[in-house]
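> The sequence shown stops at residue 198 when you use UniProt numbering, and every number in between is there.
Below you'll find the structure I mean.
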Amino acid sequence: SAKRCSQLHTVQQSPQRALLPTPPYPPSPWLPRANLATTPSWVVDSGATHHITSDLSNLSLHQPYTGGEEVIVGNGNGLPITHTGFTSLPSTLKSLSLHNVLCVPSIQKNLISVYRLCNANQVSVEFFPAHFQVKDLTSGVPLLQGRTNKELYEWPISPSAAVALFATPTVKTSLSDWHLRLGHPSLSILQTIISKHS
């Protein structure tokens, strides 16, 4: 997936301003293409150099783009960038920020750059055959788990549902923490009640 995605998009540079490097090789006509159906979901892409969305309403803050660059897709065509902006995506413990998102109305998939996601949010992304995990870089605590769909790693629409059913062996929770999380009385109160009724 990363090999395919790294060839689907980059920004064509103008002589006066360079945002992104161009691919080290010319695009080939036989390259696999992204699914043609536009979707509101986001695809996690280790080959993307920028976050990209097709829908301006995905950005909470945005401004018109006045540069001369375009996003180059696998067939070599350039797609115009109309705006740049910011959005955030929820996870179980915190929102994850996507800065400098390019709005390209004719792009077929909303893309999350793994490099930019990890650097801006101090997280790591682990890829597995059928899913991926986003973890807090400091604690190792999983923040989100997503699945593959048609050989692409899709960001889950409901992160709480995506993470709720997988266990993590990296964080050990004490009995008193579980009592507090479940709304039970503290251990000292329980011991007092037990001793009075024994």
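Just so you know, even glycine gets a beta-carbon here, dropped at the ideal spot from N, CA and C.
Values in this document were obtained by computation on a predicted structure and should not be read as measured data.
Going by beta-carbon coordinates alone, are residue 60 and residue 84 separated by less than 8 Å?
No, Cβ-Cβ distance for residue 60 and residue 84 is not below 8 Å.
> Would DSSP call residue 194 helix, strand or coil?
It is helical.
> Identify, in the order they occur along the chain, each residue of the same chain with its Cβ nearer than 8 Å to the Cβ of residue 211, setting aside the five sequence neighbours on each side.
Examination of residue 211 is not possible in this model, given that the chain is present from 1 through 198 alone.
> Measuring only the C-alpha atoms, how far is residue 139 from residue 77?
Each residue's alpha carbon lies about 42 Å from the other.
> Let me know if residue 94 comes out buried or exposed under the rule of 16 or more other beta-carbons within 10 Å of its beta-carbon.
Residue 94 is exposed by the Cβ-count criterion.
> Can you name, in chain order, every residue of its own chain whose Cβ lies under 6 Å from the Cβ of residue 58, other than the five neighbours on each side?
Taken in chain order, the residues that qualify are 87.
> Taking the CB atoms as reference points, tell me whether residue 132 and residue 115 lie closer together than 8 Å.
No; because the gap between Cβ atoms is not below 8 Å, this pair is not in contact.
> Let me know if residue 107 comes out buried or exposed under the rule of 16 or more other beta-carbons within 10 Å of its beta-carbon.
Residue 107 is buried by the Cβ-count criterion.
> Could you work out which residue in 150, 147 and 121 is closest to residue 137 when comparing CA atoms only?
Residue 137 has its Cα closest to that of 121, out of 150, 147 and 121.
> Can you name the residues that DSSP bridges to residue 102?
In the DSSP output, where bridge partners are listed per residue, residue 102 has 52 and 84.
> On the premise that residue 89 lies in contact with residue 48, defined as a C-beta separation below 8 Å, what is that separation, rounded to the nearest angstrom?
Going by Cβ atoms, the distance from residue 48 to residue 89 rounds to 15 Å, so no, they are not a contact pair.
> On a Cα-Cα basis, can you pick out the residue from 42, 63 and 195 that is closest to residue 113?
Closest option to residue 113, Cα to Cα, is 42.
> Expressed to the nearest angstrom, what Euclidean distance is found between the alpha-carbon atoms of residue 109 and residue 40?
So the two alpha carbons sit approximately 8 Å from each other.
> Would you report the Cα separation of residue 69 and residue 96, rounded to the nearest angstrom?
Roughly 26 Å between the two C-alpha positions.
> In the DSSP assignment, find the unbroken beta strand (DSSP E) run with residue 153 in it and report its ends.
First-last of the beta strand (DSSP E) with residue 153: 152 to 154.
> According to DSSP, is residue 59 helix, strand or coil?
It is coil, neither helix nor strand.
> I believe residue 125 touches residue 134 by the beta-carbon criterion, under 8 Å. Please report the beta-carbon distance rounded to the nearest angstrom.
Going by Cβ atoms, the distance from residue 125 to residue 134 rounds to 5 Å, so yes, they are a contact pair.
> Express the C-alpha separation of residue 149 and residue 155 in angstroms, rounding to a whole number.
Their backbone Cα atoms lie some 10 Å apart in a straight line.
> Distance check for residue 127 and residue 50, CA to CA, integer angstroms please.
The straight-line gap from Cα to Cα measures roughly 19 Å.
> Going along the chain, which residues of its own chain have a beta-carbon closer than 6 Å to the beta-carbon of residue 99, five neighbours each way excluded?
Excluding sequence neighbours, residue 99 sits near 86 and 120.
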